[in-house]
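Step one of this worksheet: look at the structure below.
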Amino acid sequence: MRYLKVAAQDRGRNGKADTVVLNFFRQLPGGPEELSHEAIAVDISADRVVDVLCSGDINRDGENDVLDKRLLDVFADAFLQLNWFNTGNRWQRTMVIRVEHFAKSGAPNAVRMEFHEHARVPCQDSLVYQAAAYDADGNGVLESFTNSDVDFDGVAGKADKALIRRLCTTFLDFNWY
Numbered sequence: 595m596r597y598l599k600v601a602a603q604d605r606g607r608n609g610k611a612d613t614v615v616l617n618f619f620r621q622l623p624g625g626p627e628e629l630s631h632e633a634i635a636v637d638i639s640a641d642r643v644v645d646v647l648c649s650g651d652i653n654r655d656g657e658n659d660v661l662d663k664r665l666l667d668v669f670a671d672a673f674l675q676l677n678w679f680n681t682g683n684r685w686q687r688t689m690v691i692r693v694e695h696f697a698k699s700g701a702p703n704a705v706r707m708e709f710h711e712h713a714r715v716p717c718q719d720s721l722v723y724q725a726a727a728y729d730a731d732g733n734g735v736l737e738s739f740t741n742s743d744v745d746f747d748g749v750a751g752k753a754d755k756a757l758i759r760r761l762c763t764t765f766l767d768f769n770w771y
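Below, the structure is given as C-alpha cells:
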C-alpha cells in the first residue's frame, strides 16, 4: 500500500500555515511503513500561495523537472486552503490521502482523504474527518465527491468540492498508488 501523509505547519507562529510537508510512504502487508520521499513547500509571505518548492521527482518519472514543481505547487496551494495546520513544526494534525479502490482495469477509481489528530493519551492518531473523490465510470476523471467541509469553515459547499477535486486529482498525478 502506498499513501501520502501531509502536514501544514505555522512555523512563523502567526496563526497561518506557512509550510506544507508531504511524506510519501509505502507499506508492505505485515511490514513497517517506509518513508520513500519527502517534498516541502513554503509560503514565505503568508498569503496562502507557495513561494519556495523542494519537490524532487515527485511524480516518479525519473526526472526532477518543472512538472514536479508544478504538481507540488498546485497540491500545496490547495492544502493551505484547508485550515488544517499545526503550530510550529509539529505533526499533531495530518491528512492521509490514498487510493482506496481500483477499477478492473487497474486504474484508481476512489481516492480517500483522512484528517487525523494526534491524541496525547494514548499516543495514537484519531480520525477526525474524511472526504473522498470517485471516478464512477472509469474514464480517469474524478467526478463525484463527498459532501464534506474540508476547509473547516462550517459549510460544505462548492469551494470544498473544488479543494477535494484539486487535491485528489493532483495526488493521482503524483503516481503514488
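Just so we're aligned, residue 595 is where the sequence shown starts under this note's numbering, counting upward by one.
Don't be surprised by glycine CBs; every beta carbon is placed ideally from N, CA and C.
Note that the structure is a prediction, hence the values are computed from the model and not measured.
- The three-state reading of DSSP puts Arg714 in coil, since its state is none of H, G, I, E or B.
- As the crow flies, the alpha-carbon of Phe679 is around 9 angstroms from that of Thr613.
- Excluding its 5 nearest sequence neighbours in each direction, Leu757 has C-beta neighbours in its own chain below 8 angstroms: Ala672, Gln675, Leu676, Val744, Asp745, listed in chain order.
- In the structure shown, Val705 falls within a strand segment according to DSSP collapsed to helix, strand and coil.
- Rounded to the nearest angstrom, the Cβ distance from Asp729 to Asn703 is 4 angstroms, consistent with a contact under 8 angstroms.
- Residue pairing by DSSP places Asn617 opposite Lys599, Glu632 in a beta bridge.
- The residue from Lys752, Gly700, Arg692, Cys648 with its alpha-carbon nearest to that of Gln621 is Arg692.
- Listed in chain order, the alpha helix (DSSP H) runs fully inside the stretch 647-704 are 660-674, counting runs of at least 4 residues.
- The C-alpha of Ser720 lies about 10 angstroms from the C-alpha of Thr688.
- According to the DSSP secondary-structure assignment, Phe765 is paired through a beta bridge with no residue.
- Distance from the CA of Leu666 to the CA of Glu708, rounded to the nearest whole angstrom, comes to 19 angstroms.
- Burial check for Leu629: the Cβ neighbour count within 10 Å stays below 16, so the residue is exposed.
- When beta bridges are read from the DSSP output, Glu737 appears opposite no residue.
- Around Phe669, the same chain offers Thr764 as residues with beta carbons nearer than 6 angstroms, after the five sequence neighbours per side are excluded.
- Less than 8 angstroms divides the Cβ of Leu616 from the Cβ of Val600.
- Residue range 719-728 is occupied by the beta strand (DSSP E) that includes Tyr728.
- Setting aside the 5 residues that flank it on each side, Lys610 is surrounded in the same chain by Asp604, Ala640, each with a C-beta closer than 7 angstroms to its C-beta; the list follows chain order.
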